[in-house]
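Asks: Supplied in structure tokens, the structure appears directly below.
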Amino acid sequence: MRIIILADPLDNQQAGIHHYTANLITHLARIDHEGEYYILCRKESGLFPAGRQIIIRNYRFPGYAALRMFVIIPLKLIRMKAGVVVEPAHFGPFNLPAGIKRVTVIHDLTPLMFPRMHRFHSQLLQRLFLGGILRRADLIITNSENTGRDVNRYFPNAEKKVKRIYLGRDERVTFNPDRNILHKFGVDKPYFVFTGTIEPRKNLVNLLDAYTLFRKSSGFMHMLVIAGRKGWKSRDFFKKLSAHPYADDIRLCGYVERHELSALYSQAVALVYPSKYEGFGLPVVEAMSCGTPCLLSRNSSLPEVGGDAALYFDPGDPGSIAGCMQKAAEDPDLRNLLSGRAKLQAEKFSWNDHVRMFDKAIKNLFAG
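Its first residue numbered 0, the sequence shown is counted upward by one per residue in numbering that gives the first Met the number 0.
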């Protein structure tokens with residue numbers, strides 16, 4: 000049986016879905032002794048055996064991306080006699096005959112739940128296509144119980160097809176005490192860290208307000224480090240940052256490599272993650288893997304992922320966020336407690352477990 004993973008996120012994504020796809024295929028390659036899995040992508044990847052990569056390049060001329068997605072890829076999959084096609088970015092697969100099983104991975108439903116936080120074309124495409132995608136899917140994989148509940152609420156007819164499989168921790172992100180990396184980013188004092196794309200859902204405007212309250216009320220001189228690319232609808236964040244009273248102690252690192260990310264997590268007083276909504280929250284597991292105390296929003300999947308290894312706040316209240324920051328800054332015993340719990344909590348999330356459950360769920364499509 001040929002199982003094809005549409006691995007475009009390796010080339011057209013940089014954040015969570017990219018890391019999901021990269022870890023999925025890397026770990027599948029380790030367990031796929033029968034050579035059943037193939038990947039289809041835009042260019043060759045060193046993450047998967049070369050003989051099981053299908054390359055369909057994407058050319059930059061009007062209409063080609065749609066032609067590739069809706070015509071060229073489906074025809075290729077039919078000619079290959081694919082048994083199962085998996086879409087890790089929850090947009091497709093499209094135009095396949097009924098004999099080919101379709102698997103869609105849903106990371107979150109935020110384009111439907113919070114459309115104003117997304118670019119117009121993103122929310123429009125989800126509204127137009129997602130209902131049909133899930134109706135035709137044979138298996139829907141979600142990354143948390145919370146995301147599964149969202150799918151069931153918005154698409155109740157899909158409930159029996161939903162399978163929750165937790166994501167894993169990135170083996171490359173581990174404790175790293177290298178202070179040279181801090182010096183590279185101009186970090187020379189104790190600091191809080193946030194990682195993720197700068198976009199509305201991450202709630203960084205409230206984090207800036209919380210940081211102001213923390214500095215004014217606590218007397219601590221801790222810095223705020225933000226690691227992640229500039230995303231969409233980020234004007235309000237940069238406007239507030241430009242007028243921030245403690246702007247000199249805020250560092251924007253942009254995209255950072257995995258070993259640098261490990262160092263930023265490992266030496267932080269805490270991760271502060273004030274997101275308005277998360278389907279899973281990979282940065283939380285990354286931080287916990289480094290033993291970093293975590294301060295998290297009490298919403299969506301974050302309590303599910305953080306468990307008792309985190310402090311929780313109301314993300315809509317900068318005072319609540321600042322209060323957790325102050326607790327972490329002033330209490331080393333609390334930090335040590337959270338650090339120990341974080342390492343234990345991180346052990347619950349394994350990519351090896353993910354791919355074993357993933358593989359079993361796909362094979363079960365043909366059971367009976």
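Every residue, glycine too, gets a C-beta built ideally from N, C-alpha and C.
#1: Using C-beta distances below 8 Å, list every residue in its chain close to G290, excluding the 5 sequence neighbours before and after it, in chain order.
#2: Just how far apart, CA to CA, sit Q52 and P87?
#3: Would the beta-carbon of G167 fall within 7 Å of that of H353?
#4: Can you find the residues in the same chain that come closer than 8 Å, C-beta to C-beta, to F69, ignoring five residues on each side of it along the sequence?
#5: Nearest to L108 by CA position, among R101, V102, R118, H89, is which residue?
#6: Classify I225 as buried or exposed, calling it buried when 16 or more other Cβ atoms lie within 10 Å of its own Cβ.
#7: For the alpha helix (DSSP H) that F213 lies in, which residues bound it at each end?
#8: Find out if the Cβ-Cβ distance for the pair F236, L203 is shorter than 7 Å.
#9: Which residue or residues does DSSP assign as beta-bridge partners of A269?
#10: With which residues is K100 paired in a DSSP beta bridge?
#11: On a Cα-Cα basis, can you pick out the residue from P331, Q325, L295 that is closest to G315?
#12: Within 10 Å of its beta-carbon, does K215 have 16 or more other beta-carbons around it, so buried, or fewer, so exposed?
#13: Leaving out five residues on either side along the sequence, give the residues of the same chain with a beta carbon under 6 Å from the beta carbon of E277.
#14: Return the Cβ separation of L76 and C40 in integer angstroms, given the expectation that the two are a contact with Cβ distance under 8 Å.
#15: Out of R200, G185, N205, state which residue places its alpha-carbon closest to the alpha-carbon of L251.
#16: May I have the straight-line CA-CA distance separating R101 from E259, to the nearest angstrom?
#17: Just to confirm my understanding: we take D248, look at its own chain, exclude 5 residues before and 5 after, and list those with CB closer than 6 Å. What are they?
#18: Taking only runs of the beta strand (DSSP E) that begin and end inside the stretch 8 to 57, which ones reach a length of at least 3 residues, in chain order?
#19: What does F312 pair with, by DSSP beta-bridge criteria?
#20: Quick one: grab the DSSP three-state call for R118.
#21: Should K159 be labelled buried (16 or more other beta-carbon atoms within 10 Å of its own) or exposed?
#22: Roughly how many angstroms lie between the CA atoms of G91 and I2, to the nearest whole one?
#23: Whole angstroms is fine: what's the gap from I30's alpha carbon to Y165's?
#24: Return the first residue and the last residue of the alpha helix (DSSP H) that C289 is part of.
#25: Within the same chain, show all residues whose beta-carbon is closer than 7 Å to that of L127, passing over the 5 residues directly before and after it, in chain order.
#26: In whole angstroms, what separates the C-alpha of G82 from that of L364?
#27: Below 8 Å on the Cβ atoms is my contact criterion, and I expect A209 with I320 to pass it. Report the Cβ-Cβ distance as a whole number of Å.
#28: At what residue ranges does the stretch 125 to 167 contain a whole run of the alpha helix (DSSP H), taking only runs of 4 or more?
#29: According to DSSP, V354 sits in a beta bridge with which residue or residues?
#30: If I measure Cβ to Cβ from F357 and keep anything under 8 Å in the same chain, skipping five residues before and after, which residues do I get?
#31: Suppose you measure from the CA of G147 to the CA of G195; what does that come to, to the nearest Å?
#32: Note the first and the last residue of the continuous beta strand (DSSP E) segment covering V224.
#33: Any idea which residues DSSP pairs R250 with across the strands?
#34: Determine, using beta carbons only, whether L46 and T20 come nearer to each other than 7 Å.
#35: As a quick exercise: from N57, S121, F60, R200, pick the residue whose alpha carbon is nearest that of K275.
#36: DSSP state of K229, grouped into three classes?
Replies: The short version:
#1: Against the sequence shown, residue 290 aligns to sequence position 291. Around G290: F174, S265, S338, G339, A341, K342.
#2: The count along the sequence shown starts at 1 and reaches residue 52 at position 53. The count along the sequence shown starts at 1 and reaches residue 87 at position 88. Looking at the two C-alpha atoms, the distance is approximately 16 Å.
#3: Within the sequence shown, residue 167 is the residue found at index 168, counting from 1. Within the sequence shown, residue 353 is the residue found at index 354, counting from 1. Going by C-beta atoms, G167 is nearer than 7 Å to H353.
#4: The residue given as residue 69 occupies position 70 in the sequence shown. Excluding positions up to five away in sequence, the list reads F93, N94.
#5: Position 109 of the sequence shown, counted from the start, is the residue given in the question as residue 108. Cα-wise, what sits closest to L108 is H89.
#6: Indexing the sequence shown from 1 puts residue 225 at position 226. So I225 ends up on the buried side.
#7: Here the question's residue 213 lines up with position 214 in the sequence shown. Annotation for F213: the continuous alpha helix (DSSP H) segment containing it runs 203 to 217.
#8: If you number the sequence shown from 1, residue 236 lands on position 237. If you number the sequence shown from 1, residue 203 lands on position 204. F236 places its beta carbon less than 7 Å from that of L203.
#9: As a position in the sequence shown, residue 269 is number 270, starting the count at 1. Here A269 is bridged, per DSSP, to F191.
#10: Position 101 of the sequence shown, counted from the start, is the residue given in the question as residue 100. Per DSSP, V83.
#11: Counted from its first residue, the sequence shown places residue 315 at position 316. G315 has its Cα closest to that of L295, out of P331, Q325, L295.
#12: Indexing the sequence shown from 1 puts residue 215 at position 216. Exposed, because fewer than 16 other Cβ atoms sit within 10 Å of the Cβ of K215.
#13: Locating residue 277 in the sequence shown gives position 278, where the first residue counts as 1. The residues are S299, S300, L301.
#14: The residue you call residue 76 lines up with position 77 of the sequence shown. The residue you call residue 40 lines up with position 41 of the sequence shown. With 8 Å as the limit, L76 and C40 do not qualify as a contact, their Cβ atoms being about 13 Å apart.
#15: Stepping through the sequence shown from its first residue, residue 251 is reached at position 252. Nearest C-alpha to L251: G185.
#16: Along the sequence shown, read from residue 1 onward, the residue named residue 101 stands at position 102. Along the sequence shown, read from residue 1 onward, the residue named residue 259 stands at position 260. Computed Cα separation, rounded: 37 Å.
#17: The residue labelled residue 248 in the question sits at position 249 within the sequence shown. Around D248: M222.
#18: 36 to 40, 52 to 54
#19: Taking the first residue of the sequence shown as 1, we reach residue 312 at position 313. According to DSSP, which records beta bridges pairwise, F312 is partnered with S296.
#20: The sequence position of residue 118 within the sequence shown is 119, counting from 1. Coil at R118, not helix or strand.
#21: Walking along the sequence shown from the start, residue 159 turns up at place 160. Exposed, because fewer than 16 other Cβ atoms sit within 10 Å of the Cβ of K159.
#22: Translated into positions along the sequence shown, residue 91 becomes position 92. Translated into positions along the sequence shown, residue 2 becomes position 3. If I take the Cα positions, the gap works out to 15 Å.
#23: Translated into positions along the sequence shown, residue 30 becomes position 31. Translated into positions along the sequence shown, residue 165 becomes position 166. Annotation: I30 to Y165 spans about 18 Å, alpha carbon to alpha carbon.
#24: Taking the first residue of the sequence shown as 1, we reach residue 289 at position 290. Boundaries cannot be given for C289, as no alpha helix (DSSP H) includes it and DSSP labels it neither H nor E.
#25: Residue 127 sits at position 128 when you count from the first residue of the sequence shown. Within the same chain, L127 has no close Cβ partners at all.
#26: Taking the sequence shown and counting its residues from 1, one reaches residue 82 at position 83. Taking the sequence shown and counting its residues from 1, one reaches residue 364 at position 365. In a straight line, the C-alpha of G82 is about 10 Å away from that of L364.
#27: Taking the first residue of the sequence shown as position 1, residue 209 is located at position 210. Taking the first residue of the sequence shown as position 1, residue 320 is located at position 321. Between I320 and A209 the Cβ distance is about 4 Å, and since that is below 8 Å, they are a contact.
#28: Uninterrupted alpha helix (DSSP H) stretches at least 4 residues long and entirely within the stretch 125 to 167 occur at 144 to 153, given in chain order.
#29: For the purposes of this step, residue 354 is identified with residue 355 of the sequence shown, where counting begins at 1. None, per the DSSP bridge assignment.
#30: Counting from one through the sequence shown, the residue named residue 357 turns up at place 358. Excluding sequence neighbours, F357 sits near L23, L27, I140, I164.
#31: The sequence position of residue 147 within the sequence shown is 148, counting from 1. The sequence position of residue 195 within the sequence shown is 196, counting from 1. Cα to Cα, the separation comes out at about 23 Å.
#32: Here residue 224 refers to the residue found at position 225 of the sequence shown. Per DSSP, V224 is one residue of the beta strand (DSSP E) stretching across 222 to 226.
#33: On the sequence shown, residue 250 is found 251 positions in, with the first residue counted as 1. Bridge partners of R250: V224.
#34: Counting from 1 along the sequence shown, the entry for residue 46 is found at position 47. Counting from 1 along the sequence shown, the entry for residue 20 is found at position 21. It is not a contact, given that the beta carbons lie outside the stated cut-off.
#35: Taking the first residue of the sequence shown as position 1, residue 275 is located at position 276. Checking every option, the nearest Cα to that of K275 belongs to R200.
#36: For the purposes of this step, residue 229 is identified with residue 230 of the sequence shown, where counting begins at 1. In the structure shown, K229 sits in a strand (DSSP, three-state: E or B).
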